[in-house]
Ligand code: SAM
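Pasting the structure below:
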């Protein structure tokens with residue numbers, strides 16, 4: 016594959032703003048006692064800084080050529096491991112070598128951002144924080160609050176798993192080659208809310224997906240389309256004090272969870 020095609024296919028927009036690299040590494044705090052996982056190290060702009068700060072660094076790069084160059088560059092630093100792999104295939108549970116949770120950092124390849132986020136949430140039990148660069152529009156969706164047009168399944172999912180903060184936004188010229196979009200660094204501190212909201216992850220996410228399936232439709236209608244009985248829905252909405260005309264994006268996570276528990280209770 017020609018180099019340019021491979022680059023755009025793998026989302027290879029390399030960070031050339033050194034201040035931003037420093038800020039991303041600093042946003043994870045003191046790494047001297049931490050195992051850090053970098054997703055997509057590329058040419059090593061952030062890797063270099065992390066290698067100097069982390070107790071252990073595992074950098075996961077899919078591109079064979081870049082992985083080989085990084086392996087050569089960090090050969091003398093035995094606490095740095097370059098792993099040539101697709102991050103979506105990596106079992107983060109196996110990367111944890113002691114009791115301390117992992118710190119995840121990365122300027123993500125944008126073509127699989129949502130998949131990477133879901134992958135990280137799957138391993139939320141072994142990850143402390145993730146400081147990641149994503150496309151600005153994705154960051155806005157992750158951070159969105161109920162009642163806004165950006166609020167959707169991604170927002171609800173992220174906020175069920177983590178406390179989310181926006182750190183900084185960078186223009187295209189911070190990268191080479193420049194992407195067509197602005198980029199935002201967000202920090203996710205893992206703090207799953209399933210116990211607190213008394214819901215099971217699998218059932219609750221199926222409920223959310225059904226509720227958001229057709230965004231223009233009312234929540235009750237979407238739940239009907241998903242196969243729930245009209246009476247079950249009406250009773251649950253009444254008990255949960257949710258308006259029968261509400262749309263999924265208008266509900267807080269607490270309200271969605273209450274509604275889900277009502278529906279589940281009636282159906283069990
Ligand atoms: N961290 C570097 C920087 O900031 O300059 C590179 C960031 S670039 C946006 C994304 C990197 O992720 C590229 O090096 C690309 O080859 C790599 N990548 C793409 N898909 C990947 C995957 N599925 N697993 C691991 N790395 C991947």
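Residue numbers (my numbering): 16 to 283. Glycine included, C-beta positions come from ideal geometry on N, C-alpha and C.
inquiry  = I want to check one thing, is the minimum distance from the CB of residue 51 to the heavy atoms of the ligand SAM below 7 Å?
reply    = no
key: Best match in 49, 254, 73 for proximity to residue 92 [C-alpha to C-alpha]   = 73
inquiry  = Less than 8 Å between C-beta atoms, sequence neighbours within five positions excluded: which residues of the same chain meet that for residue 269?
reply    = Only 212 meet the Cβ criterion.
query = Can you tell me where the beta strand (DSSP E) with residue 143 in it begins and where it stops?
reply = 142-150
request  = Please determine, among 86, 161, 247, 152, the residue with the shortest C-alpha to C-alpha distance to residue 198.
outcome  = Closest by alpha carbon: 152.
inquiry  = Taking the straight line between their C-alpha atoms, what separation do you get for residue 82 and residue 62?
reply    = 12 Å
query = Just to confirm, does residue 34 get its C-beta within under 7 Å of one of the non-hydrogen atoms of the ligand SAM?
reply = Relative to the ligand SAM, the beta carbon of residue 34 is positioned no closer than 7 Å to any heavy atom.
Extent of the continuous alpha helix (DSSP H) to which residue 137 belongs = 128-137
message = Please report the distance separating the alpha-carbon of residue 234 from that of residue 134.
response = 27 Å
Sheet register partners of residue 50 (DSSP bridge) = 71
message = Quick check: does the Cβ of residue 106 come within less than 7 Å of any heavy atom belonging to the ligand SAM?
response = no
query = Cβ of residue 280 versus every heavy atom of the ligand SAM: is any distance shorter than 7 Å?
reply = Result no, Cβ not under 7 Å from the ligand SAM.
task = For the beta strand (DSSP E) containing residue 98, list its first residue and its last residue.
result = Run containing residue 98: 95-99, per the beta strand (DSSP E) assignment.
query = Tell me which same chain residues have a C-beta within less than 8 Å of the C-beta of residue 69, skipping the five on either side of it?
reply = 46, 47, 49, 50, 51, 94, 118
Cβ-based burial, residue 78 [other Cβ within 10 Å; buried from 16] = buried
task = Would you tell me roughly how many angstroms separate the C-alpha atoms of residue 229 and residue 183, rounded to the nearest one?
result = 32 Å
message = Can you list, in chain order, the residues of its chain with a C-beta nearer than 6 Å to that of residue 122? Leave out the 5 residues immediately preceding and following it.
response = Taken in chain order, the residues that qualify are 30, 148.
key: Secondary structure, alpha helix (DSSP H): runs of 4+ residues fully inside the region 204-240   = 216-227, 234-240
request  = Confirm, please, whether the CB-CB distance from residue 264 to residue 167 is below 8 Å.
outcome  = yes
query = For residue 270, which residues does DSSP report across the bridge?
reply = Answer by DSSP bridge pairing: none, since residue 270 is not bridged.
ask   = Just to confirm, does residue 29 get its C-beta within under 7 Å of one of the non-hydrogen atoms of the ligand SAM?
value = yes
query = So which of 80, 76, 111 has the shortest CA-CA distance to residue 98?
reply = 76
query = How would you call residue 273, buried or exposed, if buried means at least 16 neighbouring beta carbons within 10 angstroms?
reply = So residue 273 counts as buried.
ask   = Count the other CB atoms within 10 Å of the CB of residue 192; is the residue buried (16 or more) or exposed (fewer)?
value = exposed
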